[in-house]
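There are 2 protein chains.
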Amino acid sequence: MSLTRPRGALRPRTLLLLLFLCPSLLYAAGGESSLPDLLLVVAAMLAGGKLLGEGAERLGLPAVLGELMAGLLLGPSLLGVVPAAGQPGAEMITVLAELGVILLLFEVGLETNLTEMFKVGPAAAAVAAVGVTVPFVLGWGYWAHFPHPIMQDGGDLGTVAIFVGATLTATSVGITARVLGDLGKMETAEARIILGAAVLDDIIGLVILSVVSGIAAGGAISAAGIATTFAVAVGFLVAVVMVGNFVVPRITDRMSRMRARGIVVVFAIAFALAMAAFAAKVGSALIIGAFAAGLILRNTKQAHTVEHQVQPVAAVLAPIFFVSVGAACDVRLLDPRVPGAGGLLTVAAVLSLLAILGKICAGWAAPWTRFDRLTVGVGMVPRGEVGLIFADVGRRAQLLSEETFSAVLLMVMVTTFLAPLGLKLIFGRAARPAANAG
Amino acid sequence: MSLTRPRGALRPRTLLLLLFLCPSLLYAAGGESSLPDLLLVVAAMLAGGKLLGEGAERLGLPAVLGELMAGLLLGPSLLGVVPAAGQPGAEMITVLAELGVILLLFEVGLETNLTEMFKVGPAAAAVAAVGVTVPFVLGWGYWAHFPHPIMQDGGDLGTVAIFVGATLTATSVGITARVLGDLGKMETAEARIILGAAVLDDIIGLVILSVVSGIAAGGAISAAGIATTFAVAVGFLVAVVMVGNFVVPRITDRMSRMRARGIVVVFAIAFALAMAAFAAKVGSALIIGAFAAGLILRNTKQAHTVEHQVQPVAAVLAPIFFVSVGAACDVRLLDPRVPGAGGLLTVAAVLSLLAILGKICAGWAAPWTRFDRLTVGVGMVPRGEVGLIFADVGRRAQLLSEETFSAVLLMVMVTTFLAPLGLKLIFGRAARPAANAG
């Protein structure tokens with residue numbers, strides 16, 4: 007009877023943690039990086055990310071928060087398992103993380119139904135437009151007109167302000183969709199508007215990313231420059247999706263009749279990588295290419311197979327991205343004993359407030375349609391992975407200082423943290439009368 | 007009606023080739039390696055490997071041959087798309103290839119049924135033992151006693167001869183199983199003996215790999231040294247599988263009740279990576295750890311889920327290994343106009359002959375059981391990925407010269423090439439009278 011073991015059930019998990027974390031800590035104690043050490047770091051990132059992700063889900067929070075927390079824990083500022091930039095192995099982790107975000111956006115593309123989005127129509131478009139414009143103006147205005155002495159950014163104030171504004175524009179379709187699905191509210195008018203607007207925001211966000219990437223690469227900010235980047239990003243998406251929709255289904259049809267093992271998924275991923283590289287080469291962003299590859303493959307007869315088989319590959323690589331983003335945040339900056347920590351927390355709090363207010367405003371766009379405006383506004387709040395990607399581009403270009411990056415990361419975490427709680431509360435409140443009526 | 011397009015059907019494939027190969031060729035022309043360039047190289051390796059793999063399958067040959075050929079084509083000695091060791095990006099490709107072979111052996115472990123293997127019993131064991139011993143003695147004797155002046159190996163002759171002998175011992179269970187499955191002969195007595203012996207050979211091969219890796223790392227060859235390495239490898243496998251079979255099923259049972267997306271496959275892969283690193287740290291080989299992780303997870307209730315989800319991940323990463331092994335072969339050495347090429351081809355021909363004869367002998371082991379001895383012998387011939395791994399370890403340790411590596415690679419390719427053809431012919435011959443009788 008001891009086999010069923012109803013008590014002491016925590017033991018296996020404790021063992022598991024020891025199994026993964028101890029060797030990794032030993033690694034951190036050493037210095038030289040070999041392949042086995044790198045494998046241990048990746049194993050610790052995967053196991054730690056998933057364990058804390060599971061913990062977050064059990065608390066009713068999105069799993070991505072747990073993965074970010076795992077990154078904070080394993081990162082150079084705490085346990086030191088994930089190597090800091092410049093340390094041995096750091097470049098490998100970066101490449102694996104980039105592969106992760108490429109596959110993630112490829113997957114989002116595969117799941118993005120352009121037709122459905124067009125149906126939701128004007129209401130979603132208005133919500134998306136307001137939800138991008140208001141947070142951008144708030145963030146940009148705050149940064150440009152109330153510069154905090156603690157933030158020592160690399161670029162000139164105007165450029166950095168645009169970057170900070172851009173990080174406030176994102177909406178995480180992944181997190182919103184997951185929360186709505188978990189609450190069983192996918193079929194409400196509000197959910198359809200939130201999702202439509204979030205998908206639109208994702209596309210607008212990708213274009214904005216392209217613009218800010220151009221700025222990060224040292225391009226001067228001019229109306230002509232932004233127009234060019236915008237035109238390249240939109241032109242790339244439209245041209246590639248049009249040509250792709252014509253050519254690719256014929257190729258995948260042939261491929262689905264081939265016999266080589268896993269040929270469809272391998273070609274799909276090779277296509278996503280090639281498109282990502284192609285986008286970067288023509289002046290757009292890697293992930294726009296990956297997203298476009300997903301949109302194109304969605305229109306093939308093999309879309310279901312591809313989505314089904316890309317899922318495990320993305321599931322393995324995407325956490326490496328989220329964990330390494332979390333690891334990039336220097337938690338020592340938040341230590342209240344450090345001079346300036348108070349300033350950092352103040353800035354993060356103001357940014358978070360602006361981020362939440364800006365998105366909630368979006369609920370009051372489209373006055374000609376009837377829907378619960380607070381629900382839609384709250385549904386637009388989580389910044390999630392897209393906000394992280396923006397912040398990361400700015401940090402790598404040394405435009406955003408470590409302090410600003412940490413403040414933005416805090417804002418992303420706060421919005422991603424609060425939105426699911428808010429949606430749960432609001433839908434709970436709305437559901438009770440409905441349940442009584444039913 | 008032009009939409010169905012019965013003619014000109016080759017066009018999409020031609021387009022596809024252009025899509026993947028042109029940017030990669032452009033890359034090869036440039037020099038500096040950035041992330042987009044690396045993505046293009048990986049995309050070209052995946053697409054090229056799968057296309058030639060498909061071509062090989064259509065010709066009735068194993069797909070792995072096509073992937074090796076793609077490596078030859080894309081490698082530094084021909085198109086130069088895959089960077090040579092020391093060139094920018096080469097280290098990244100190596101790490102991705104190592105992840106590929108780790109996942110491949112993890113998958114073989116997941117598919118290895120220890121119980122079935124024990125049932126096939128003494129006959130398979132005798133075939134495996136003879137199939138390891140005779141080729142090893144033939145290869146070692148040839149190299150130690152008839153040294154060819156063209157082969158300028160790094161180590162002393164005795165060490166290199168042991169290495170060459172070891173490369174002849176492998177049997178590729180993957181290729182044999184695939185061919186038998188394709189011919190619909192899985193239920194014959196011969197197939198069961200071949201598969202049982204091939205699985206045993208895989209395990210013996212992993213132990214031999216551990217010994218030769220120890221030698222490659224500079225260990226002196228002594229009976230005590232080999233015994234120690236053997237004991238470490240076997241001890242590691244036995245200890246880890248025993249402890250794992252006790253602990254891991256409890257962990258995966260808990261995990262299957264968790265909600266985080268893809269948690270089972272992510273933990274399975276983290277486990278395989280950690281075990282691979284652990285094996286390397288205690289003096290065994292990376293892939294023994296990965297194989298052991300597979301054997302352990304096979305005994306859990308979640309084995310089917312894990313196998314199903316690891317498959318696409320392995321399908322994406324394993325070709326990178328095979329293509330980069332093919333790329334490591336310098337085809338210029340085979341140019342008949344180069345001085346010494348004749349010698350190299352002679353050595354490769356002798357090695358191939360010894361490799362084939364040594365394995366065919368194995369068919370006449372176990373005289374107490376009735377089965378078609380030629381069928382079993384031919385079924386044991388393909389060296390496949392395991393032989394490549396051995397040769398690669400020797401090359402990286404600079405024990406095997408480029409010439410010897412190329413000769414061994416040719417031997418691996420010849421055996422892997424001929425065995426499926428042989429099996430097809432033999433089973434075809436055997437099937438005809440049976441069909442008449444039925």
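These protein sequence lines map, in sequence, to chains A and B.
Counting in our numbering, the first sequence runs from 7 upward without gaps.
Counting in our numbering, the second sequence runs from 7 upward without gaps.
Just so it is clear, CB atoms sit at the ideal spot from N, CA and C, and this is done for glycine as well.
What residues in the segment 248 to 275 of chain A bring their beta carbon closer than 8 Å to a beta carbon of chain B? In summary, the residues of the segment 248 to 275 of chain A whose CB is separated from some CB of chain B by less than 8 Å are 253, 256, 257, 260, 264, 265, 266, 267, 268, 269, 271, 272, 273, 275, in the order they occur in the chain.
Please classify residue 417 of chain A as buried or exposed, where buried requires at least 16 other C-beta atoms within 10 Å of its C-beta. Per the 10 Å Cβ criterion, buried.
Residues of its chain near residue 275 of chain A, where Cβ-Cβ distance is below 8 Å and the 5 sequence neighbours each way are ignored: The residues are 109, 112, 316, 319.
Ignoring anything shorter than 4 residues or poking outside the segment 222 to 301 of chain B, list the alpha helix (DSSP H) runs there in chain order. Taking only runs of at least 4 residues, the alpha helix (DSSP H) segments lying wholly in the segment 222 to 301 of chain B are 229 to 262, 269 to 287.
Closest by C-alpha distance to residue 329 of chain A, when choosing among A/64, A/79, A/42: Comparing Cα positions, the closest option is A/79.
If you count every other CB in all the chains shown that lies within 10 Å of the CB of residue 358 of chain B, and 16 or more means buried, which is it? Buried, by the Cβ-count rule.
In chain B, what lies closer than 8 Å to residue 48 of chain A by C-beta? Neighbours of residue 48 of chain A on chain B, chain order: 276, 279.
Using the beta-carbon count (16 or more within 10 Å), is residue 457 of chain A buried or exposed? For residue 457 of chain A there is no data in the structure shown, the boundaries of chain A being 7 and 444.
Proximity test, Cβ basis, 8 Å: residue 291 of chain A and chain B: It does not; no Cβ of chain B falls within 8 Å.
Between the segment 321 to 332 of chain B and chain A, which residues of the former have CB atoms less than 7 Å from a CB of the latter, in chain order? Correct list: 321, 322, 325.
If we define contact as Cβ-Cβ less than 8 Å, is residue 301 of chain A a contact residue for chain B? Taking a beta-carbon distance threshold of 8 Å, residue 301 of chain A does not count as an interface residue toward chain B.
Same chain, Cβ closer than 8 Å to residue 153 of chain B, five either side skipped, listed in chain order: Counting only Cβ-Cβ distances below 8 Å, and skipping sequence neighbours, we find 163.
On the CB-based measure, 16 or more other CB atoms within 10 Å of its CB, does residue 308 of chain B come out buried or exposed? Buried.
Quick one: what's got a C-beta closer than 6 Å to residue 55 of chain B's C-beta in the same chain, skipping five residues either side? Listed in chain order, the non-local C-beta contacts of residue 55 of chain B below 6 Å within the same chain comprise 73, 76, 325, 329, local neighbours out to five positions each way being set aside.
Among A/260, A/250, A/256, whose alpha-carbon lies nearest the alpha-carbon of residue 278 of chain A? Looking from the CA of residue 278 of chain A, the closest CA among A/260, A/250, A/256 belongs to A/250.
Is the shortest distance between the beta-carbon of residue 222 of chain A and the beta-carbons of chain B less than 8 Å? No, its Cβ sits nowhere closer than 8 Å to a Cβ of chain B.
Residue 162 of chain B by DSSP, collapsed to three states: which one? It is coil, neither helix nor strand.
Going along chain B, which residues have a C-beta under 7 Å from residue 56 of chain A? For residue 56 of chain A, the chain B residues whose C-beta falls within less than 7 Å of its own C-beta are 266, 269, 272, 273, listed in chain order.
Starting from residue 315 of chain A, find everything on chain B with Cβ-Cβ shorter than 7 Å and list it in chain order. Those are 318, listed as they occur along chain B.
Tell me, to the nearest whole angstrom, how far the beta carbon of residue 396 of chain A is from that of residue 176 of chain A; I am working on the premise that it is less than 8 Å. In this structure residue 396 of chain A touches residue 176 of chain A by the C-beta definition: roughly 6 Å separates them, less than 8 Å.
Reduced DSSP secondary structure (H/G/I, E/B, other) of residue 426 of chain B: Helix.
Note the first and the last residue of the continuous alpha helix (DSSP H) segment covering residue 330 of chain A. The continuous alpha helix (DSSP H) containing residue 330 of chain A extends over residues 309 to 333.
Cα-Cα separation between residue 365 of chain B and residue 264 of chain B, rounded to whole angstroms: Spanning the alpha carbons of residue 365 of chain B and residue 264 of chain B requires a straight line of approximately 48 Å.
Evaluate residue 431 of chain A with the Cβ neighbour count: other Cβ atoms within 10 Å of its Cβ, from every protein chain shown; 16 or more gives buried, anything less gives exposed. Around the Cβ of residue 431 of chain A, a 10 Å sphere holds fewer than 16 other Cβ atoms; the residue is exposed.
State the CB to CB distance for the pair residue 103 of chain B and residue 327 of chain B, rounded to an integer number of angstroms; the pair is presumed to be in contact (CB under 8 Å). Correct: roughly 4 Å between the Cβ atoms.
Less than 8 Å between the C-beta atoms of residue 169 of chain A and residue 214 of chain A, yes or no? Inclusion of residue 169 of chain A and residue 214 of chain A in the CB contact set at 8 Å is not warranted, their separation being larger than that value.
Rounding to the nearest angstrom, what Cα-Cα distance links residue 150 of chain A and residue 143 of chain A in this structure? Rounded to the nearest angstrom, the gap between the Cα atoms of residue 150 of chain A and residue 143 of chain A is 10 Å.
In this structure, does DSSP put residue 386 of chain B in helix, strand or coil? When DSSP states are grouped into helix, strand and coil, residue 386 of chain B belongs to the coil group.
Looking at the unbroken alpha helix (DSSP H) that takes in residue 48 of chain A, where does it start and where does it end? Counting along the chain, the alpha helix (DSSP H) containing residue 48 of chain A begins and ends at 41 to 64.
Cβ-based burial, residue 413 of chain A [other Cβ within 10 Å; buried from 16]: That one is buried.
Over what stretch of residues does the alpha helix (DSSP H) that includes residue 117 of chain B continue unbroken? Residues 96 to 117.
Could you check the C-alpha separation between residue 137 of chain B and residue 210 of chain B for me, to the nearest Å? If you take the alpha carbons of residue 137 of chain B and residue 210 of chain B, they lie about 11 Å apart.
Counted within 10 angstroms of its Cβ, other Cβ atoms place residue 242 of chain B as buried (16 or more) or exposed: Residue 242 of chain B is buried by the Cβ-count criterion.
Apart from the five residues on each side of it in sequence, which residues of its chain come closer than 8 Å, Cβ to Cβ, to residue 68 of chain B? The beta carbon of residue 68 of chain B lies closer than 8 Å to those of 62, 181, 184, 185, 388, 390, 422, 426 in the same chain, with the five residues before and after it left out.
Any Cβ of chain B within less than 8 Å of the Cβ of residue 89 of chain A? Judged by the 8 Å Cβ criterion, residue 89 of chain A is not in contact with chain B.
Where residue 223 of chain B falls, given that 16 or more other Cβ within 10 Å makes a residue buried: Answer is exposed; the Cβ neighbour count stays below 16.
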